[in-house]
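**Q** Could you have a look at this structure, given as structure tokens, before my questions?
There are 2 protein chains.
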Amino acid sequence: MLKEERQQVIINEVRIHSRVSLSELSDKLDVSIDTVRRDVKELDKLGTLKKVHGGAVSLGFALHNYKEQNIYLHEKKSNIAEKAISLIPNRSVILISGGTTNLEMARLLPSKLKITVFTPSLPIAMQLILHPNAEVIFIGGKLSKEAKITTGGKAIYDLSQITVDIGFIGTGYIDSQNGLTEFDWDVVQMKKAMIAASKKVIVPTISEKLNTYQCYKTCDLNTVDTLITELDPDAHQLDPFRSHNIKIL
Amino acid sequence: MLKEERQQVIINEVRIHSRVSLSELSDKLDVSIDTVRRDVKELDKLGTLKKVHGGAVSLGFALHNYKEQNIYLHEKKSNIAEKAISLIPNRSVILISGGTTNLEMARLLPSKLKITVFTPSLPIAMQLILHPNAEVIFIGGKLSKEAKITTGGKAIYDLSQITVDIGFIGTGYIDSQNGLTEFDWDVVQMKKAMIAASKKVIVPTISEKLNTYQCYKTCDLNTVDTLITELDPDAHQLDPFRSHNIKIL
DNA sequence: TAAAATATTGCAAAAAACTGCAATTTATAA
DNA sequence: TTATAAATTGCAGTTTTTTGCAATATTTTA
Numbered sequence: 016m017l018k019e020e021r022q023q024v025i026i027n028e029v030r031i032h033s034r035v036s037l038s039e040l041s042d043k044l045d046v047s048i049d050t051v052r053r054d055v056k057e058l059d060k061l062g063t064l065k066k067v068h069g070g071a072v073s074l075g076f077a078l079h080n081y082k083e084q085n086i087y088l089h090e091k092k093s094n095i096a097e098k099a100i101s102l103i104p105n106r107s108v109i110l111i112s113g114g115t116t117n118l119e120m121a122r123l124l125p126s127k128l129k130i131t132v133f134t135p136s137l138p139i140a141m142q143l144i145l146h147p148n149a150e151v152i153f154i155g156g157k158l159s160k161e162a163k164i165t166t167g168g169k170a171i172y173d174l175s176q177i178t179v180d181i182g183f184i185g186t187g188y189i190d191s192q193n194g195l196t197e198f199d200w201d202v203v204q205m206k207k208a209m210i211a212a213s214k215k216v217i218v219p220t221i222s223e224k225l226n227t228y229q230c231y232k233t234c235d236l237n238t239v240d241t242l243i244t245e246l247d248p249d250a251h252q253l254d255p256f257r258s259h260n261i262k263i264l
Numbered sequence: 016m017l018k019e020e021r022q023q024v025i026i027n028e029v030r031i032h033s034r035v036s037l038s039e040l041s042d043k044l045d046v047s048i049d050t051v052r053r054d055v056k057e058l059d060k061l062g063t064l065k066k067v068h069g070g071a072v073s074l075g076f077a078l079h080n081y082k083e084q085n086i087y088l089h090e091k092k093s094n095i096a097e098k099a100i101s102l103i104p105n106r107s108v109i110l111i112s113g114g115t116t117n118l119e120m121a122r123l124l125p126s127k128l129k130i131t132v133f134t135p136s137l138p139i140a141m142q143l144i145l146h147p148n149a150e151v152i153f154i155g156g157k158l159s160k161e162a163k164i165t166t167g168g169k170a171i172y173d174l175s176q177i178t179v180d181i182g183f184i185g186t187g188y189i190d191s192q193n194g195l196t197e198f199d200w201d202v203v204q205m206k207k208a209m210i211a212a213s214k215k216v217i218v219p220t221i222s223e224k225l226n227t228y229q230c231y232k233t234c235d236l237n238t239v240d241t242l243i244t245e246l247d248p249d250a251h252q253l254d255p256f257r258s259h260n261i262k263i264l
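Just so you know, the sequences run in chain order A and B.
Offset between the first sequence (1-based) and my numbering: plus 15.
Offset between the second sequence (1-based) and my numbering: plus 15.
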């Protein structure tokens, strides 16, 4: 088989599936993994596809792919995401709201984890497309351009028809007195519906958000089952949140 | 055997198979591999085919291989997208299925156009978030990772509850006999539902797809109101599609 | 943090390409 | 027809490209 043919096959695979692993290609093409790696490297240089660790993805996909803005915050969010992931049993059904911390969680979800995910968040759905074992169900509705999640009566009604094991509910603001709050009224309605649909409510948030609040209230703190921050669970900053029957991680 | 004949055989082989290896040619033509190598080198210089390590490929194949093809296709898609956009009145309600041609349309939608868009496609929704005057309503459901659109009973039911002015329905394959067809059954169900929800059905497609078909049928050609390709509406290639009461743009 | 998976690098064998050359064929003109 | 020049072809030696492997480094996963 000519090298050109091989590369053509690779391009097709990437076009059809948006992503492909080197071992799959090596298998399919019956050449060593080194060879497909070199091929993919060449195609990457030519700008035909994007090489990633373990395989390749189509350029269209790489576009929407997440971009880490602030390294400092990013580390915190990865830390939170890892803690959050540790709470997800295999074969569970979860709900993920929007937000960059939740996006980080979606990105870090282990590929072996079999899971069903409901989400109204466009970026999170986009990310989860890459996950081989996640069944993703998108909550439809009117798109909020700021929050990049769906909102409105339809979405809220759809949420009322489901119950999930765990809801990972991000929040714009969190305060020991005022609970979870937001700046956007539509978003609050969605979060209320998401919380109602979740047997267990987990709130992942970076510590910067602690002790801040806004005008519209999502829920009281005692609605929250688990609060996850990048801090040590025993940190003093978390003291005001201990009195509400909340697990802190 | 004359050199001329030999080279003609080589040209034919490449035309038929898109590719050929030097050893195959040497075998078939019963001359040394050096000779076919020299032949191929000449044909390459004449621009009849493209010489590659170990053999030769057709020019189309080579073009297909690299970035040029993407740019080439992209131009066609922009052309189609512009024609499609000209059919959208201000303040109309439209439905956009998935596909890269439709994505191009979403990208090129004039920012002044006030519009309501229903879509089950993740990339298109992602794109439309950037549009200042588009109200975007996402059709929720189970995500198909291949097509990046939602599918399944819920999405189809939701579609049955709406009616839009225009539906822009991309298609994987289109043929004058077999109509619109797809490779993926779930996607076909979605497209049927989208067509049912549209007062007017517009099918934007690049000419490469004309006269191709697959096993699952979306609809007959006479269901389509307007067919848009990058070709001139009078082009001969479109003749087979004229008899079905279709506007061609 | 350890272990598993993936990348990188250098290297050597194999395949293919290139070069010069001689034998052969073809073309051309006397 | 014949002599000569030009083109074609195959071969041998050399160079380049491709490919797989192994050792080592890096990244990802558990």
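We put the CB at the ideal spot given by N, CA and C, even for glycine.
Does any residue of chain A have a CB that is nearer than 7 Å to the CB of residue 81/B?
**A** A caution first: residue 81/B carries a pLDDT of 47, below 50, which makes its placement in the model too unreliable to give a value.
**Q** Suppose you measure from the CA of residue 51/B to the CA of residue 31/A; what does that come to, to the nearest Å?
**A** Whole-angstrom Cα-Cα distance: 36 Å.
**Q** When Cβ atoms are compared, which residues of the segment 60-73 of chain B fall closer than 7 Å to chain A?
**A** For the segment 60-73 of chain B, which is checked against every Cβ of chain A, the residues closer than 7 Å are 67, 68, 69, 70, 72.
**Q** For the segment 28-54 of chain A, which residues have a CB atom closer than 9 Å to at least one CB atom of chain B, in sequence order?
**A** For the segment 28-54 of chain A, which is checked against every Cβ of chain B, the residues closer than 9 Å are 31, 32, 33.
**Q** Does the separation of the CB atoms of residue 121/B and residue 243/B fall below 7 Å?
**A** For residue 121/B and residue 243/B, no; Cβs fall outside 7 Å.
**Q** Using a beta-carbon distance below 7 Å, is residue 171/B in contact with chain A?
**A** Not closer than 7 Å to any Cβ of chain A, the Cβ of residue 171/B fails to qualify, so no.
**Q** Chain B partners of residue 127/A, CB-CB under 8 Å?
**A** By Cβ distance, chain B contributes nothing, its closest Cβ being about 17 Å from residue 127/A, past 8 Å.
**Q** By the 10 Å Cβ neighbour count, where 16 or more other Cβ atoms means buried, how is residue 117/B classified, buried or exposed?
**A** Classification of residue 117/B: buried, given that the 10 Å Cβ count is 16 or more.
**Q** Going by other Cβ atoms of all chains shown within 10 Å of its Cβ, with 16 needed for buried, is residue 254/B buried or exposed?
**A** When all chains shown are included, residue 254/B counts as exposed.
**Q** Answer with yes or no whether the minimum CB distance from residue 165/A to chain B is below 7 Å.
**A** Answer yes: the Cβ-Cβ gap between residue 165/A and chain B drops below 7 Å somewhere.
**Q** CA-CA distance, residue 17/A and residue 67/B?
**A** Between residue 17/A and residue 67/B, the C-alpha separation is close to 8 Å.
**Q** Does the beta carbon of residue 19/A sit closer than 7 Å to a beta carbon anywhere in chain B?
**A** Closer than 7 Å to some Cβ of chain B, the Cβ of residue 19/A qualifies, so yes.
**Q** Between residue 216/B and the rest of its own chain, which residues show a CB-CB distance below 7 Å, the 5 nearest in sequence each way excluded?
**A** Excluding sequence neighbours, residue 216/B sits near 182, 184, 210, 238, 239, 240.
**Q** Rounded to whole angstroms, what is the Cα-Cα separation between residue 130/B and residue 180/B?
**A** Those two C-alpha atoms are separated by around 11 Å.
**Q** Is the beta carbon of residue 157/B sitting closer than 7 Å to the one on residue 152/A?
**A** Closer than 7 Å, so yes.
**Q** Go through its chain and collect everything with a Cβ distance to residue 222/B's Cβ below 7 Å, but skip five positions before and after it.
**A** Within the same chain, residue 222/B has close Cβ partners 244, 245, 246, 252.
**Q** Going by C-alpha to C-alpha distance, which of 261/B, 204/B, 125/B sits closest to residue 149/B?
**A** Cα-wise, what sits closest to residue 149/B is 125/B.
**Q** Short check: CB of residue 109/A to CB of residue 135/A, under 7 Å?
**A** No.
**Q** Could you round the C-beta distance between residue 186/B and residue 233/B to whole angstroms and report it? I think they count as a contact, below 8 Å.
**A** Contact holds; Cβ gap of about 6 Å.
**Q** Please classify residue 127/B: is it buried, with 16 or more other beta-carbons within 10 angstroms of its beta-carbon, or exposed?
**A** It is exposed - the Cβ of residue 127/B has fewer than 16 other Cβ atoms within 10 Å.
**Q** Could you list the residues in the segment 135-147 of chain A with a C-beta less than 9 Å from some C-beta on chain B, going in chain order?
**A** So the close ones are 135, 137, 138, 140, 141, 143, 144, 145, 146, 147.
**Q** For the alpha helix (DSSP H) containing residue 66/A, list its first residue and its last residue.
**A** Residue 66/A -> not in any alpha helix (DSSP H); beta strand (DSSP E) instead, spanning 65-67.
**Q** Could you spell out where the alpha helix (DSSP H) holding residue 8/A opens and where it closes?
**A** In the structure as shown, chain A starts at 16 and stops at 264, and residue 8/A therefore has no counterpart that could be examined.
**Q** Is it right to say residue 54/B is buried, meaning 16 or more other beta carbons lie within 10 angstroms of its own, or is it exposed?
**A** Label assigned to residue 54/B: buried.
**Q** What does the alpha-carbon distance come out to for the pair residue 28/A and residue 133/B?
**A** When rounded, the distance between both Cα atoms is 30 Å.
**Q** So for residue 34/B, helix, strand or coil by DSSP?
**A** DSSP places residue 34/B in strand when its eight states are reduced to three.
**Q** Taking the alpha carbon of residue 190/B as the reference point, which residue from 93/B, 224/B, 38/B has its own alpha carbon closest?
**A** Among 93/B, 224/B, 38/B, the Cα nearest to that of residue 190/B belongs to 224/B.
**Q** Please name the residue or residues paired with residue 150/A in a DSSP beta bridge.
**A** Looking at the DSSP assignment, residue 150/A forms a beta bridge with 131/A.
**Q** Are the C-beta atoms of residue 160/A and some chain B residue less than 7 Å apart?
**A** Yes, residue 160/A lies at the interface with chain B (some Cβ there is under 7 Å from its Cβ).
**Q** How would you write the range of the beta strand (DSSP E) that residue 57/A sits in, first residue to last?
**A** No beta strand (DSSP E) contains residue 57/A, which is instead part of the alpha helix (DSSP H) from 48-61.
**Q** Given a cut-off of 7 Å, decide if residue 170/A and residue 113/A are closer than it, judged by their beta-carbon atoms.
**A** Going by C-beta atoms, residue 113/A is not nearer than 7 Å to residue 170/A.
**Q** When the Cα atoms are used, what is the spatial distance from residue 81/B to residue 174/A?
**A** Residue confidence for residue 81/B is low, a pLDDT of 47 falling below 50, so the modelled location carries little weight; the figure read from the coordinates is stated next. Computed Cα separation, rounded: 45 Å.
**Q** Put residue 228/B into one of helix, strand or coil per three-state DSSP.
**A** Residue state, collapsed to three classes: coil.
**Q** In terms of residues, what are the limits of the alpha helix (DSSP H) holding residue 17/A?
**A** That residue, residue 17/A, is in no alpha helix (DSSP H); it is neither H nor E in DSSP.
**Q** Could you list which residues in chain A have their beta carbon closer than 9 Å to that of residue 157/B, in chain order?
**A** What residue 157/B touches in chain A: 150, 151, 152, 153.
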